[in-house]
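Participant: Quick one: this structure, given as structure tokens, is what I'll be asking you about.
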Amino acid sequence: MSTKIKQRLNRVLLWGLIVVMAFWMLFPFYWAVNSSFKSEGMLAMTPTTFVPRDPDTGALFLYLRNYEAVFTNQSFLRAIGNSLIVAASTTLLSLAIGSFAGFALGKLRYRGKTATLYIILAMTMFPAIAVLTGLYAIITELKIPPLLSMIFTYMLFTLPFTAWVLTAFFRELPTEIFQSAQVDGASPLQTFYLILLPLTAPAMVTTGLLAFIGAWNEYLFALTFTSIAPDARTLPVIIANFPSQFSRQIPFGEIMAGGVVSSIPLVLLVFIFQRRIVAGLTAGAVKG
Amino acid sequence: MAKQGHGDLAVQEQRLAYGLLAPTFVVLLAIAIYPLFSVFYNSFTNNVFASATPTETVGFENYRRLLSLTIQVVPPKLDEAGQPVVDAETGEVKYESAVSILPREPLRFRPVNQFTLWGTRYVLGATDPAFVLAVWDTMVFGVSTVFLELVLGIVVALLVNTNFKGRGVMRALILIPWAIPTAVSSQMWAYMLQPNRTGFFNTLFWHLGVGNGEIPFLSDPAWQLPSMILIDVWKTTPFMALLLLAGLQLIPEDIYEAADVDGAGPVRKFFQLTLPLLRGTIAVALVFRTLDALRVFDLFQIVLGQARYSMASFTYYELIQNRQMGYSSASSVVIFVVLSIFAVAYMRGLGVKSDEH
């Protein structure tokens, strides 16, 4: 009897904590969605309302003009394109280059392997801010276009990470596959392309997703390299320095709408690939 | 050299390995190592970006300007009789102005902070108070966020490690703060922290009877860092929780069963089993998160702009706003050194061997 009560109490406590946690994690995003459906007048209401309400009647009212404004805003639309181009290109490049390195580090025998492993690991922690001025100097000196500069420099964080995680996946593949392919007369490179690469497809998806999210969210390089090239700005830069259509106060409604739009692809990815993302994130760190 | 058949194979394999690694290392050389050296070199010059003045090497001049600190005694103001002047209203002793005490030659010092120790008034002066404050603020920010994240992260990890219906959904939900771009979440929070009752927090506090509904969370220096810490803790606790969850899942179930037999309560089990077994994971998570927190940029730049700097946003503004290539390079080097020291100290202190796991 008393243990039953105790169990029930534990259950209540557990669910209480779960609800608090879910609320804490989701509320700021809910607030952004809430604010994105408010007109300037509704945003200025004090005290603020927890759902979009008409200022006069107090009735529930969804104001859609912010989304309209965002989707007719040329710089925002261009930013979606730029973000897609940069994030996709960086991801593909990192996967291509990183899978070579991962194969060598995970499956081949050569001198200096420990050293190369350590270098890759150290590079995963490399602070981007430390090379910002150096990269900026090179880019302006060589006049590299901003989109291309972002694609290349983002590899600073996507490439070591991709190589590191793929190394772990390659290492786990049974060596026999590799050996029997060699016995059949396949060169190591053929083995890599025809046999190992298809096997690592799930790992590629995982690391690719993380590289994509990282590149999609990157702000420091994007802000610096597009400081005099507004046409090349990516979503985070546009959201952080929102270009107002009209000169007035900070257009918070539009910023929130833009923020919600640029977060939705990521939220969807998280829900579809939750397991893979978690596996990739922890493989990158815990195995270090 | 190798004349045996399998030796040739080994040589071949080695060549292949080097060939496959080459692209990665070429890329990293171009975007990390070379720029790092150029930053290091530039930090010893007076290079101003896009300026007509020729660049010269200036030795450690940039570092002296960044890092020079001094502590001076501030004497009380004396009246004609040589007695300290006391404020008639507050009864407090009046002091000389700090600026007049601080050295001006060869470098001009400006006051950072004043403090009283054992009845004597001191002033801390620096040649670049903005940078000294940026370093201090970044440290306070880093230590506080990482500590809070660790505590909350453990709670979250333990929660999503228990069995309940909808655990999968919950594990996806906690990824949302992590996945939302920092630029977006910074704007979201900046809006929630508006200095009047159009903001969520001021409305909430006002309903609770705390404050007047006009707390300037982002413009009052006393509130700025706590606000930054709050935002960052929200954003990065999920990552911490996931790392810790991975560690929790490595702990074998039967250890707890043995503890059950011994009649250990949940609190004792946590402190005597879970926490010690999680030590390695916690150490790795702390290293990753501290390094991340100390190079915070997006949040500070977007929410506080030039009102208050982190080390990274200071460097950014010196480069882009002031075009001080040499000076910002020096501050980059300082950041790099600080981060390296933290990384090494952590690994040493927590006894993490890199070949663990």
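Here the protein sequences come in this chain order: A and B. The letter at position 172 of the first sequence is residue 172 when you use our numbering, and the numbering goes up by one with no holes. The letter at position 269 of the second sequence is residue 269 when you use our numbering, and the numbering goes up by one with no holes. C-beta atoms are modelled at their ideal positions from N, C-alpha and C, and glycine is treated no differently.
Under 7 Å between beta-carbons, which chain A residues line up against B/V184? List them in chain order, please.
Facilitator: Here residue 184 of chain B refers to the residue found at position 184 when the second sequence is read from its first residue. In chain order: I239, G259, S262, S263.
Participant: Using the beta-carbon count (16 or more within 10 Å), is B/Q301 buried or exposed?
Facilitator: Locating residue 301 of chain B in the second sequence gives position 301, where the first residue counts as 1. So B/Q301 counts as buried.
Participant: Quick check on A/K6: buried or exposed, where buried means 16 or more other Cβ atoms within 10 Å of its Cβ?
Facilitator: Here the question's residue 6 of chain A lines up with position 6 in the first sequence. Burial call: exposed.
Participant: Tell me whether B/A222 counts as near the ligand SAH, meaning its Cβ is closer than 7 Å to at least one heavy atom of that ligand.
Facilitator: Looking at this structure, you won't find the ligand SAH or any other ligand, since it has none at all.
Participant: Tell me the DSSP secondary structure of A/G41 in three-state form.
Facilitator: As a working note, residue 41 of chain A is residue 41 in the first sequence. Residue state, collapsed to three classes: helix.
Participant: State buried or exposed for A/K4, treating a residue as buried only when at least 16 other CB atoms are found within 10 Å of its CB.
Facilitator: Taking the first residue of the first sequence as position 1, residue 4 of chain A is located at position 4. It counts as exposed.
Participant: What are the uninterrupted segments assigned as alpha helix (DSSP H) that are 4 or more residues long and contained completely in the stretch 188–236 of chain B, given in chain order?
Facilitator: With a minimum length of 4 residues, the continuous alpha helix (DSSP H) runs that stay inside the stretch 188–236 of chain B are 200–207.
Participant: Output needed in chain order: residues of the stretch 8–21 of chain A with a Cβ under 8 Å from some Cβ in chain B.
Facilitator: Flagged, chain order: L14, W15, L17, I18, M21.
Participant: Do A/V261 and B/A179 have their beta-carbon atoms positioned less than 8 Å apart in this structure?
Facilitator: Here the question's residue 179 of chain B lines up with position 179 in the second sequence. Here the question's residue 261 of chain A lines up with position 261 in the first sequence. Taking 8 Å as the Cβ cut-off, B/A179 and A/V261 do not qualify as a contacting pair.
Participant: If you run the structure through DSSP and keep just helix, strand and coil, what is B/G326?
Facilitator: Translated into the one-based positions of the second sequence, residue 326 of chain B becomes position 326. B/G326 falls in the helix class under three-state DSSP.
Participant: Output the distance between the C-alpha atoms of B/T116 and B/Y122, rounded to the nearest integer angstrom.
Facilitator: For the purposes of this step, residue 116 of chain B is identified with residue 116 of the second sequence, where counting begins at 1. For the purposes of this step, residue 122 of chain B is identified with residue 122 of the second sequence, where counting begins at 1. So the alpha carbons of these two residues sit roughly 6 Å apart.
Participant: Restricting to runs no shorter than 4 residues, where is the alpha helix (DSSP H) found entirely within the stretch 85–125 of chain A?
Facilitator: Runs of the alpha helix (DSSP H) inside the stretch 85–125 of chain A: 113–123.
Participant: For A/T191, does the count of other Cβ atoms within 10 angstroms reach 16, so buried, or fall short, so exposed?
Facilitator: Taking the first sequence and counting its residues from 1, the one referred to as residue 191 of chain A is at position 191. With 16 or more other Cβ atoms within 10 Å, it is buried.
Participant: Assign B/F60 to one of three DSSP states: helix, strand, or coil.
Facilitator: Here the question's residue 60 of chain B lines up with position 60 in the second sequence. The answer is coil: DSSP assigns B/F60 none of H, G, I, E or B.
Participant: Assign B/S360 to buried or exposed, taking buried as 16 or more other Cβ atoms, counted over all protein chains shown, within 10 Å of its Cβ.
Facilitator: Beyond the ends of chain B as shown, which are 1 and 357, falls residue 360 of chain B; an answer cannot be given.
Participant: Tell me, which residues are paired with B/V86 by DSSP?
Facilitator: Walking along the second sequence from the start, residue 86 of chain B turns up at place 86. Paired residue(s): B/V93.
Participant: Under 8 Å, do A/I18 and B/M170 count as touching if we go by C-beta distance?
Facilitator: Position 18 of the first sequence, counted from the first residue, corresponds to residue 18 of chain A. Position 170 of the second sequence, counted from the first residue, corresponds to residue 170 of chain B. In contact: A/I18 and B/M170 (Cβ atoms closer than 8 Å).
Participant: If you follow the beta strand (DSSP E) that B/A126 is part of, which residue opens it and which one closes it?
Facilitator: Against the second sequence, residue 126 of chain B aligns to sequence position 126. Looking at the DSSP string, the run of the beta strand (DSSP E) that includes B/A126 is 120–126.
Participant: At least one CB of chain A closer than 8 Å to the CB of B/E13: is that the case?
Facilitator: One-based indexing of the second sequence puts residue 13 of chain B at position 13. For B/E13, the answer is yes, since a Cβ of chain A falls inside 8 Å of its Cβ.
Participant: If you draw a straight line from the C-alpha of A/A257 to the C-alpha of A/A69, how long is it?
Facilitator: On the first sequence, residue 257 of chain A is found 257 positions in, with the first residue counted as 1. On the first sequence, residue 69 of chain A is found 69 positions in, with the first residue counted as 1. Approximately 9 Å between the Cα atoms of the pair.
Participant: Using only alpha-carbon positions, find the residue among B/A157, B/F270, B/R15, B/I31 that is nearest to A/T153.
Facilitator: One-based indexing of the first sequence puts residue 153 of chain A at position 153. Closest by alpha carbon: B/I31.
Participant: For A/F178, list the residues DSSP reports as bridge partners.
Facilitator: Your numbering for residue 178 of chain A matches position 178 in the first sequence. Note: A/F178 sits in no beta bridge, so no partner.
Participant: Rounded to whole angstroms, what's the CA-CA distance from A/Y63 to B/S43? Just pull it up for me.
Facilitator: As a working note, residue 63 of chain A is residue 63 in the first sequence. As a working note, residue 43 of chain B is residue 43 in the second sequence. Rounded to the nearest angstrom, the two C-alpha atoms are 52 Å apart.
Participant: Assuming A/R233 contacts A/T224 (C-beta within less than 8 Å), just tell me the rounded distance between them.
Facilitator: Counted from its first residue, the first sequence places residue 233 of chain A at position 233. Counted from its first residue, the first sequence places residue 224 of chain A at position 224. The Cβ separation is near 11 Å, so there is no contact.
Participant: For B/I174, collect the residues of the same chain with a Cβ closer than 7 Å to its Cβ; drop the 5 residues on either side in sequence, then sort them by chain order.
Facilitator: If you number the second sequence from 1, residue 174 of chain B lands on position 174. Closer than 7 Å at the Cβ level, and outside the excluded window around B/I174, lie V156, V160, P238, A241.
Participant: Which residues, taken in chain order from the stretch 297–324 of chain B, show a beta carbon closer than 8 Å to some beta carbon of chain A?
Facilitator: The stretch 297–324 of chain B vs chain A, Cβ under 8 Å: F297, D298, Q301, I302, M311, A312, T315, Y316, L319, I320.
Participant: State yes or no: is the beta carbon of A/M123 nearer than 8 Å to at least one beta carbon in chain B?
Facilitator: Position 123 of the first sequence, counted from the first residue, corresponds to residue 123 of chain A. Closer than 8 Å: yes.
Participant: Flag this pair as touching only if the stretch 243–258 of chain B and the stretch 305–312 of chain B have three or more C-beta atom pairs under 8 Å; answer yes or no.
Facilitator: These segments do not touch.
Participant: Quick check on DSSP: helix, strand or coil for A/R233?
Facilitator: Start at 1 with the first residue of the first sequence, and residue 233 of chain A comes out as number 233. Of the three classes helix, strand and coil, the one that applies to A/R233 here is coil, per DSSP.
Participant: The alpha helix (DSSP H) with B/F115 in it runs from where to where?
Facilitator: On the second sequence, residue 115 of chain B is found 115 positions in, with the first residue counted as 1. Looking at the DSSP string, B/F115 is not in any alpha helix (DSSP H); the run it does join, the beta strand (DSSP E), is 110–117.
Participant: What's the C-alpha gap between A/G280 and B/P106?
Facilitator: Sequence index remark: in the first sequence, residue 280 of chain A carries index 280 (1-based). Sequence index remark: in the second sequence, residue 106 of chain B carries index 106 (1-based). Roughly 54 Å separates the two Cα atoms.
Participant: Would you identify the three-state DSSP class for B/Q272, choosing helix, strand or coil?
Facilitator: Position 272 of the second sequence, counted from the start, is the residue given in the question as residue 272 of chain B. Reduced to three states, the DSSP call for B/Q272 is helix.
Participant: Would you list, in chain order, the members of the stretch 28–47 of chain A that have their beta-carbon closer than 8 Å to a beta-carbon of chain B?
Facilitator: Per Cβ criterion, the list reads P28, F29, W31, A32, S35, L43, A44, M45, T46, P47.
Participant: Please classify A/R109: is it buried, with 16 or more other beta-carbons within 10 angstroms of its beta-carbon, or exposed?
Facilitator: Here residue 109 of chain A corresponds to residue number 109 of the first sequence, with the count starting at 1. By the neighbour-count rule (16 or more Cβ atoms within 10 Å), A/R109 is not buried but exposed.
Participant: Three or more C-beta pairs closer than 8 Å, one from the stretch 200–213 of chain B and one from the stretch 276–294 of chain B: is that the case here?
Facilitator: Touching, no.
Participant: Would you mind sorting B/W136 into buried or exposed? The rule is 16 or more other CB atoms within 10 Å of its CB.
Facilitator: For the purposes of this step, residue 136 of chain B is identified with residue 136 of the second sequence, where counting begins at 1. Exposed is the call here.
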